[in-house]
Amino acid sequence: MLFGGVFSLMAVGLTLIFGVMRVVNFAHGDMMVWGMYLAWLMATRGGVDPYLGFVVCAAALFVLGFVVQRVLVQRIVDAPHEMQILLMLGVALVLENLALLLFGPEPQRVRSALAQSTVWLGPVFVDVARLIAFAVAVLLTLLLSLFLYRTDVGRSIRAAADNPYGALVIGTDVRRVYAVAFGVGAACVGAAGALVAPLLPFQPPMGLQLSVASFNIVIIGGMGSLLGAFVGGLIVAVAESLGAVFLKPSLKELVSFSLLVLILLFRPAGIFGRRAS
Amino acid sequence: MLPLVPSVFGSYAVTLFTLIFFYGFLGQAWNIVGGYAGQLSAGHAAFLGIGAYTAALLSVERGVTPWLGMFVGGALAAVLGTLIGFLGFRFGLRGFYFVLLTVAFAEICRIIVSNTEALGGAVGYYITFTGDPRQFQFQDARAYYYVALVMMLAVTGIVAWLERRRFGVYLSAIREDESACEALGVNTFRYKMLAMMLSSFLTGIGGAFYAFYLFSLQPASVFGIPLSVEIIIRAIVGGAGTVLGPILGSFILSPLAELARYYFAQGGWHGAHLVVYGLLLIAVVLFLPEGAYPRLARLFRR
């Protein structure tokens, strides 16, 4: 359940990118893995705790997202979906395997002083680290919605998402807004990566699974809906942990994939989404 | 020229060409639904996995020759293809949604097989080598070479034949503009279904070859997304929706993958060939969206 907050944060990043430019970021999970490795580098080389380091990870991933959008994605914003998917798949392959080249295939783990301690929270034992990850993830999601609804940049992002031509007409630099939105989306998933880095061992091939997991969440919640992504993250986390308890831990993904198929067929716009035109 | 390769070159070339033919076969089978009909399936590994496990189980547990088992595997793969196609096309899933549906089914297959003890679970299923040609096992690597070559030529022949028939024309028309097709009275659902069934059937047959060429099946690699990507990327780089595209793609990418795996992996450089794949994919989408083959064909025509 507490993983839900992190799931939500990663899905919020994906849905922001999709909502603004209708591009599915297939490299989303790989960006998360880079967030994990950056947290790992900072922790092992500089002794920075990931629960502080996540800010740097988010900033670094913002730059990565911004550049990827400017150099690659901008060229295919209006291309057919198939082409966009293939391009992002290419980006995903490059990111994942660069991580493999640089960091090797061995699973890594970040140590945080907080990961060892637990607290009583009402009737249950809770990891402090999990609790912090959850709280920070929720906080970041709230900050993001404040950013989108209360700042000028945020407003122009929403304007460009609603109607790119309209936004262009009133003088918004839509291309810049797109790049910022992609950067913010990547920053979300980078922070999510840093936050879970102390909680589970990670290795580069995880990127693909994480991407697929975030697609699941975003589809279940509703493509392009921030609230949907947030709630979707919680739903998937709860569904998977119920699946792990009632079926078998190795079968827990089966629950979310079955949920995905059902949603795709009967409610493709997701639980909170409006039907896409 | 190709039949002579084994007698001229060494055993490494035989392995390399066998893989080129095999992935060419898979790319071509994918091409029917992914290239011609334009329905981007990213779950073809599921069909390959079903074909592989079916042929292997029938042979090991029941003594049924894979020469027959491969068609049973193909038929079962086609059953899944029919189900995925029916759900996807009937519920009108397009673009990203269709991709995700196919991925979800492949992942569901992977998780189920990983959790089924009778199939070897996550550890995998192993076939003991007997070298009996009746059980699709050959002492001589050249036998696999010729089988793969025949398979690739056969499926390419089928695709070339279909392309000239009404069926192929309909598929291309569906790819270009589905609503216009429907307006003209083409039963697009029916033709997309047929394409999906044929494609999954052929990929299932490919699975039997995979099983008896490698003798070990792991759910993570047989049903995994990376395998689906390997299949798609060959067709896309070579030219999806053209008869020779997937074959050309396999001639470009399979040696690259093999050499990289051979040389880089020894130096501990894991994943180098996949970085190249990724860069190639990006380059193709940006600069050569129709693939290498159509461009080459135009160059030579001049």
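So the sequence lines, in the order shown, correspond to chains W and L. If you read the first sequence in the numbering used here, its first letter stands for residue 2, the second for the next number, and so on. If you read the second sequence in the numbering used here, its first letter stands for residue 831, the second for the next number, and so on. Ideal Cβ positions, reconstructed from N, Cα and C, are used throughout, including at glycine.
Between V890 (chain L) and S1058 (chain L), what straight-line distance do the alpha-carbon atoms span, to the nearest angstrom?
-> Your numbering for residue 890 (chain L) matches position 60 in the second sequence. Your numbering for residue 1058 (chain L) matches position 228 in the second sequence. Straight across, the Cα-Cα distance linking V890 (chain L) with S1058 (chain L) is about 26 Å.
Rounded to whole angstroms, what's the CA-CA distance from L954 (chain L) to I880 (chain L)? Just pull it up for me.
-> Mapped onto the second sequence, residue 954 (chain L) falls at position 124. Mapped onto the second sequence, residue 880 (chain L) falls at position 50. This sequence places Gly at residue 954 (chain L); Leu is not what is there. For the pair G954 (chain L) and I880 (chain L), the Cα-to-Cα distance works out to about 14 Å.
Taking I218 (chain W) as the reference, give the member of W:A40, W:A270, W:R151 with the closest Cα.
-> Here residue 218 (chain W) corresponds to residue number 217 of the first sequence, with the count starting at 1. Check the Cα spacing between I218 (chain W) and each of W:A40, W:A270, W:R151: the tightest is with W:A270.
To the nearest angstrom, report how far apart A984 (chain L) and I862 (chain L) are at their CA atoms.
-> As a working note, residue 984 (chain L) is residue 154 in the second sequence. As a working note, residue 862 (chain L) is residue 32 in the second sequence. In this structure, the straight-line span from the alpha carbon of A984 (chain L) to that of I862 (chain L) is close to 14 Å.
The alpha helix (DSSP H) enclosing G899 (chain L), as first and last residue numbers | Counting from 1 along the second sequence, the entry for residue 899 (chain L) is found at position 69. Counting along the chain, G899 (chain L) sits inside the alpha helix (DSSP H) bounded by residues 896–920.
For A61 (chain W), which residues from the same chain have a beta carbon less than 7 Å from its beta carbon, with the 5 sequence-adjacent residues on both sides left out?
-> Working through the first sequence from its first residue, we reach residue 61 (chain W) at position 60. Excluding positions up to five away in sequence, the list reads L39, G191.
Residue span of the alpha helix (DSSP H) that contains T932 (chain L), given as start and end | Residue numbering aside, residue 932 (chain L) sits at position 102 when the second sequence is read from its first letter. Membership of T932 (chain L) in the alpha helix (DSSP H) is indicated by the continuous run 925–944.
Please classify Q109 (chain W): does DSSP put it in a helix, a strand, or coil?
-> Looking up residue 109 (chain W) in the first sequence gives position 108. Correct three-state label for Q109 (chain W): strand.
Do G6 (chain W) and G225 (chain W) have their C-beta atoms within less than 8 Å of each other?
-> Numbered from its first residue, the first sequence carries residue 6 (chain W) at position 5. Numbered from its first residue, the first sequence carries residue 225 (chain W) at position 224. Taking the C-beta atoms as reference points, G225 (chain W) is found no nearer than 8 Å to G6 (chain W).
At a Cβ threshold of 8 Å, is R276 (chain W) touching chain L?
-> The sequence position of residue 276 (chain W) within the first sequence is 275, counting from 1. Low local confidence applies: a pLDDT of 49 at R276 (chain W) is under 50, so the model's placement there is unreliable, and no value is given.
Check whether V34 (chain W) and F183 (chain W) have beta carbons under 8 Å apart | As a position in the first sequence, residue 34 (chain W) is number 33, starting the count at 1. As a position in the first sequence, residue 183 (chain W) is number 182, starting the count at 1. Contact flag unset, no.
With a threshold of 16 other CB atoms inside 10 Å of the CB of E30 (chain W), please say whether the residue is buried or exposed.
-> Here residue 30 (chain W) corresponds to residue number 29 of the first sequence, with the count starting at 1. Going by the sequence as given, residue 30 (chain W) is Gly instead of Glu. The residue in question, G30 (chain W), is buried, as its Cβ has 16 or more Cβ neighbours within 10 Å.
Who are the Cβ neighbours of L149 (chain W) in its own chain at under 7 Å, not counting the five residues just before and after it?
-> Here residue 149 (chain W) refers to the residue found at position 148 when the first sequence is read from its first residue. Taken in chain order, the residues that qualify are G155, I158, R159.
Cβ shell of Q267 (chain W) (< 6 Å), same chain only, five flanking positions each side left out | Taking the first sequence and counting its residues from 1, one reaches residue 267 (chain W) at position 266. The question names Gln, yet the displayed sequence has Phe at residue 267 (chain W). Counting only Cβ-Cβ distances below 6 Å, and skipping sequence neighbours, we find nothing.
Assign I133 (chain W) to one of two classes, buried (16 or more other C-beta atoms within 10 Å of its C-beta) or exposed (fewer than that).
-> Position 132 of the first sequence holds residue 133 (chain W). Per the 10 Å Cβ criterion, buried.
Measuring only between beta-carbons, confirm whether L149 (chain W) sits less than 8 Å from chain L.
-> By one-based count along the first sequence, residue 149 (chain W) stands at place 148. Not an interface residue.
Pick helix, strand or coil for S278 (chain W), following the three-state DSSP scheme.
-> Your numbering for residue 278 (chain W) matches position 277 in the first sequence. Unreliable positioning characterises S278 (chain W) in this predicted model, as indicated by a pLDDT of 36, which lies under 50. The coordinate reading is nonetheless provided below. Correct three-state label for S278 (chain W): coil.
Using the Cα positions of R1064 (chain L) and A1013 (chain L), report the straight-line distance between them to the nearest angstrom.
-> The residue you call residue 1064 (chain L) lines up with position 234 of the second sequence. The residue you call residue 1013 (chain L) lines up with position 183 of the second sequence. One C-alpha to the other measures close to 33 Å.
According to DSSP, is D962 (chain L) helix, strand or coil?
-> In the second sequence, counting from the first residue as 1, residue 962 (chain L) sits at position 132. D962 (chain L) carries a coil assignment under DSSP once its states are collapsed to helix, strand and coil.
For L1047 (chain L), the three-state DSSP class (helix, strand or coil) | The sequence position of residue 1047 (chain L) within the second sequence is 217, counting from 1. Three-state result, L1047 (chain L): strand.
Confirm, please, whether the CB-CB distance from T845 (chain L) to A978 (chain L) is below 8 Å.
-> The count along the second sequence starts at 1 and reaches residue 978 (chain L) at position 148. The count along the second sequence starts at 1 and reaches residue 845 (chain L) at position 15. Taking the C-beta atoms as reference points, T845 (chain L) is found no nearer than 8 Å to A978 (chain L).
Can you tell me whether DSSP reads D31 (chain W) as helix, strand or coil?
-> To locate residue 31 (chain W), count along the first sequence from 1; it is residue 30. DSSP, reduced to helix, strand and coil, places D31 (chain W) within a helical segment of the structure shown.
Assign K1022 (chain L) to buried or exposed, taking buried as 16 or more other Cβ atoms, counted over all protein chains shown, within 10 Å of its Cβ.
-> To locate residue 1022 (chain L), count along the second sequence from 1; it is residue 192. K1022 (chain L) sits buried, since 16 or more C-beta atoms from the chains shown fall within 10 Å of its C-beta.
Return the residue from the list W:V237, W:E107, W:G54, W:E83 that minimises the CA-CA distance to V25 (chain W).
-> Here residue 25 (chain W) is taken as the residue at index 24 of the first sequence, counted from 1. Of the listed residues, the one whose Cα sits closest to V25 (chain W) is W:E83.
With a cut-off of 8 Å on the beta carbons, I'd call A198 (chain W) and M11 (chain W) a contact; round off their distance for me.
-> Position 197 of the first sequence, counting from 1, holds the residue named residue 198 (chain W). Position 10 of the first sequence, counting from 1, holds the residue named residue 11 (chain W). With a Cβ gap of about 13 Å, A198 (chain W) and M11 (chain W) do not count as contacting.
Could you pull out every unbroken alpha helix (DSSP H) segment of at least 4 residues lying fully inside the region 154–179 of chain W, listed in chain order?
-> 165–170, all fully within the region 154–179 of chain W.
R972 (chain L): first and last residue of the uninterrupted alpha helix (DSSP H) it sits in = The residue you call residue 972 (chain L) lines up with position 142 of the second sequence. R972 (chain L) -> alpha helix (DSSP H) spans 971–994.
Is L96 (chain W) near the ligand GTP, with its Cβ less than 7 Å from a heavy atom?
-> The model on display carries no ligand, and the ligand GTP is accordingly not part of it.
Whose Cβ in chain L lies nearer than 9 Å to the Cβ of P269 (chain W)?
-> For the purposes of this step, residue 269 (chain W) is taken as residue 268 along the first sequence, with counting starting at 1. Result: F921, G922, L923, Y927.
Unbroken stretches of the alpha helix (DSSP H), 4 residues or longer, contained in the region 836–883 of chain L = The region 836–883 of chain L contains these whole alpha helix (DSSP H) runs: 841–860.
What in chain L is Cβ-close to F216 (chain W), meaning under 7 Å?
-> In the first sequence, the residue the question calls residue 216 (chain W) occupies position 215. Under the 7 Å cutoff, chain L gives L930.
Below 8 Å between beta carbons: does that hold for P106 (chain W) and Q204 (chain W)?
-> Within the first sequence, numbered from 1, the residue matching residue 106 (chain W) stands at position 105. Within the first sequence, numbered from 1, the residue matching residue 204 (chain W) stands at position 203. In this structure, P106 (chain W) lies near Q204 (chain W), with their beta-carbon atoms less than 8 Å apart.
Based on Cα-Cα distance, which residue from L:S1046, L:F968, L:R972 lies nearest to G951 (chain L)?
-> Residue 951 (chain L) sits at position 121 when you count from the first residue of the second sequence. It is L:S1046 whose Cα lies nearest to the Cα of G951 (chain L).
Roughly how many whole angstroms lie between the Cα atoms of S251 (chain W) and L265 (chain W)?
-> By 1-based counting over the first sequence, the position of residue 251 (chain W) is 250. By 1-based counting over the first sequence, the position of residue 265 (chain W) is 264. Cα-Cα distance, rounded: 23 Å.
Kindly confirm or deny that the region 1113–1131 of chain L and the region 1066–1074 of chain L touch, where touching means at least three C-beta pairs closer than 8 Å.
-> When Cβ pairs closer than 8 Å are counted between the two stretches, the region 1113–1131 of chain L is seen to touch the region 1066–1074 of chain L, the count reaching three or more.
Decide if T1072 (chain L) is buried, meaning its Cβ has at least 16 other Cβ atoms within 10 Å, or exposed.
-> Here the question's residue 1072 (chain L) lines up with position 242 in the second sequence. Buried.
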